[in-house]
Amino acid sequence: MSGLSIIVPCYNEEESIPLFYKAVEKVLTKMKDVQPIFWFIDDGSKDNTLPEIKELRKQDKNVHYISFSRNFGKEAAIYAGLKNVDTDYVVLMDVDLQDPPDLLPKMYQLIKSGKYDSVGCRRVDRDGESRFKSFLSDCFYSVINKISDVEIVPGVRDYRMMTKQMVQAVLEMNEYSRFSKGIFSWVGFRTKYLEYHNIERVAGKSDWTTWALFKYALTGIVDFSQTPLNMSMWIGMISFLLSIIGILFVCIRKIILPNSSVFGWASLVSIILLIGGLQLFCLGIIGKYIGKIYLQVKNRPIYLEKEKQ
Ligand code: UDP
Ligand code: MG
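Take 113 as the starting number for the sequence shown in the working numbering and just add one per residue.
Here it is in C-alpha cells:
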C-alpha cells in the first residue's frame with residue numbers, strides 16, 4: 113500500500129469541487145494498492161470554495177485543506193501543497209477536471225515501476241481555445257526552449273505525479289517567483305510524458321486572459337534565462353559600433369565637403385530616436401531582472417495560511 117497525496121489548488125471553484133472529488137474517487141477506488149490523501153488548497157477564494165471543501169472533509173477524513181489569507185496564485189498553492197505532504201507519491205491536479213483523472217492509474221503504474229521519478233502530462237491539441245492564444249503559446253515554447261537552459265515540453269501541464277525525492281528537490285527551490293514548469297524541468301530526474309487531448313473546464317471559468325498568459329510567459333523567460341540581459345549587451349555593442357562608423361562618416365564628409373553641415377537633419381533625428389528607444393528597451397530588460405532581485409531579497413513568505421486541517 114503506497115500513499116498518494118493529491119494536491120488541488122482551488123480559486124473560486126465552488127461548482128467544480130464536488131464534481132472533481134466524485135470523478136477522482138471513482139478512479140481511485142479502482143486503484144486498490146493506493147491510499148489517497150487529498151490536499152485542497154483554497155487560494156483565497158471569495159465564493160463557497162472553502163465550505164465545499166469542509167463539506168467533503170466531513171464525509172472523508174482523507175480530505176485535508178489549507179486556506180490562504182488571500183489569493184497568492186496557483187504557483188504558491190502548489191508550493192504550499194508540496195510542503196505539507198508526506199507520502200511516497202504526490203500528484204498535482206487542477207480542480208476543473210481539465211487534468212483527466214483516467215490517467216492516474218497509468219501514471220501510478222509508471223512511477224511505481226521505478227523507471228521514472230516523475231510522470232507529466234501534455235496536451236497534444238488546444239481545441240476550444242482561441243487561435244491567437246495557441247499561436248502565442250507555440251511562440252513561447254519555441255523561444256524559451258531556445259534561450260533557456262531548461263527544456264519545457266510544448267503543451268505540458270502542471271498535472272504531474274512525482275516521487276517524494278523529487279518533491280524534496282522542488283521544495284529546495286524556495287524562490288519567491290515560481291514558474292513550476294521550469295522548476296520541474298530544472299530539478300531533473302527521469303520524467304515520462306503522457307499525451308492527451310484537450311478537455312474543457314467542467315464548471316466555472318478560467319481567469320487567464322491573453323495578457324495574463326503573456327505576463328506568465330515573461331516570468332518563465334526571466335526566471336530561467338539570462339538571454340534577454342545578454343541581448344541588451346549585444347544591442348548596446350552593435351549600436352556603439354554603428355555610431356563609430358557614423359562619426360567617421362560625418363568627420364570625413366566634413367573634410368571633403370566643408371559646407372554640408374546642415375545636411376542630414378532627418379537622419380540625425382532618426383538616429384536619436386532609435387538609440388533612445390534601444391536604451392529604454394535595454395533598461396526595461398534590466399529593470400525586469402532587478403524587480404525579481406528586489407522581490408527575492410525582501411524574502412517575503414510565498415503564501416500565508418489562515419486555516420489548515
Ligand atoms: N488557481 C489557483 N489560484 C489562482 C488561479 C487558479 O489556485 O489564482 C487554480 C484553479 O482553481 C484551477 C487551477 O489553478 O484548479 C488552474 O486554473 P485555470 O483552470 O484557471 O487555468 P487553466 O486550466 O486555464 O490553465
Ligand atoms: Mg483549467
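Glycine is no exception: its CB is placed at the ideal position from the N, C-alpha and C atoms.
Contacts around residue i, its chain only, beta-carbon distance under 6 Å, and the 5 residues preceding and following it disregarded
i      : result
Leu416 : Ser181
Met219 : Val231 and Met273
Arg302 : Tyr228 and Asp229
Pro340 : Ile397
Ala188 : Ile414 and Tyr415
Glu419 : Ser179
Nearest to residue i (by Cα), restricted to the options the options
i      : options                           : result
Tyr288 : Lys195, Pro266, Lys410 and Ser382 : Lys410
Val207 : Ile350, Phe150, Lys404 and Leu306 : Phe150
Ala315 : Thr161, Arg302 and Gln147         : Thr161
His309 : Phe247, Met219, Thr199 and Gln210 : Gln210
Ser260 : Thr331, Trp320 and Thr275         : Thr331
Ser335 : Ile414, Ile178, Glu307 and Val262 : Contrary to the premise, residue 335 reads as Asp rather than Ser in this sequence. Nearest C-alpha to Asp335: Val262.
Leu325 : Tyr253, Leu341, Lys227 and Arg313 : Tyr253
Phe291 : Thr339, Gly358 and Tyr328         : Tyr328
Val203 : Tyr228, Ile119 and Ser318         : Ile119
Tyr401 : Ile333, Ile414 and Lys418         : Ile333
Pro413 : Phe184, Glu127 and Glu126         : Phe184
Lys258 : Ser337, Ser249, Gly388 and Pro148 : Ser337
Ser225 : Thr275, Thr199, Ile405 and Ile311 : Thr275
Ile223 : Lys173, Gln277, Trp377 and Ser246 : Gln277
Asp391 : Glu307, Lys366, Ile350 and Ala378 : Asp is not the amino acid found at residue 391; the sequence shown has Gln there. Of the listed residues, the one whose Cα sits closest to Gln391 is Ile350.
Val146 : Leu380, Thr199 and Trp377         : Thr199
C-beta contact flag for residue i and residue j at 8 Å
i      : j      : result
Ser117 : Val175 : no
Leu168 : Tyr191 : no
Tyr201 : Met273 : yes
Ile165 : Pro121 : no
Val139 : Leu216 : yes
Ser179 : Tyr123 : no
Lys186 : Asp155 : yes
Val99  : Leu194 : Residue 99 lies beyond the stretch modelled for the chain, which goes from 113 to 421, so this question has no answer here.
Ile264 : Lys304 : no
Leu385 : Thr322 : no
Gln408 : Tyr177 : no
Residue i, buried or exposed, once every other Cβ within 10 Å from all chains shown has been counted against 16
i      : result
Cys251 : exposed
Met113 : exposed
Phe352 : exposed
Glu312 : exposed
Pro370 : exposed
Cut-off 7 Å between Cβ atoms - residues of its own chain near residue i, not counting five sequence neighbours on either side
i      : result
Ala135 : Leu209 and Pro213
Cys394 : Ser344, Ile347 and Gly348
Cutoff 8 Å; reference residue i; Cβ partners in own chain excluding five residues on either side
i      : result
Met285 : Ile295, Trp298 and Val299
Ile129 : Cys122, Phe152, Thr161, Glu164, Ile165, Leu168 and Val207
Ser246 : Arg238
Cys363 : none
Gly388 : none
CB contact check: residue i to chain D, cutoff 8 Å
i      : result
Tyr201 : Among the chains in the structure shown there is no chain D, since it carries only a single protein chain.
Do the region 222-236 and the region 267-281 meet, that is, are 3 or more Cβ pairs less than 8 Å apart?
yes
Are the region 153-170 and the region 233-247 touching, with three or more C-beta to C-beta distances below 8 Å?
no
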